[in-house]
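Let me begin by presenting the structure, written as structure tokens, before commenting on it.
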Amino acid sequence: MKRITKLEELAGAIERIKNQKKVDSKAINNLKHELDEEEKISRNYLQITQNGIFAKNIKKALRWNKKVIDLKHELYAFLK
């Protein structure tokens, strides 16, 4: 699935930022924006599945949404 590879790329970017000694604020802002967009898409997909249109994909939607939330939490925890 295309979105899973996108999430893997975002996770890799978070790891690279963690390993850098000098943090680039532009890269962090870009990553925040991408995670926000992914969160919007995943929440919309979750809502669609819960409304019954794609009811068989609820588990996939939940995993996707959880992964996005975990990545956002990891990024914000690192920034604190």
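Heads up: the sequence shown begins at -9 in the working numbering, then just goes up one per residue. The C-beta atom is built at its ideal place from N, Cα and C for all residues, glycine as well. Source: prediction; values computed, not measured.
Worksheet item: Does DSSP put M(-9) in a helix, in a strand, or in coil?
Response: Summary for M(-9): the model assigns pLDDT 49, below 50, so the residue's position carries little reliability, and this model does not support an answer.
Item to complete: Specify the secondary structure class of V13 as computed by DSSP and reduced to three states.
Response: coil
Discussion item. Taking only three categories from DSSP, how would you classify K49?
Written reply: helix
Item to complete: Kindly list the residues whose CB is nearer than 7 Å to the CB of M(-9), restricted to its own chain and excluding five residues on each side of it in sequence; keep chain order.
Response: Bear in mind that a pLDDT of 49 at M(-9), under 50, signals an unreliable position, so the number given afterwards is only what the model happens to contain. There are no such residues.
Fill in: Alpha-carbon spacing of K22 relative to K62, whole angstroms
8 Å
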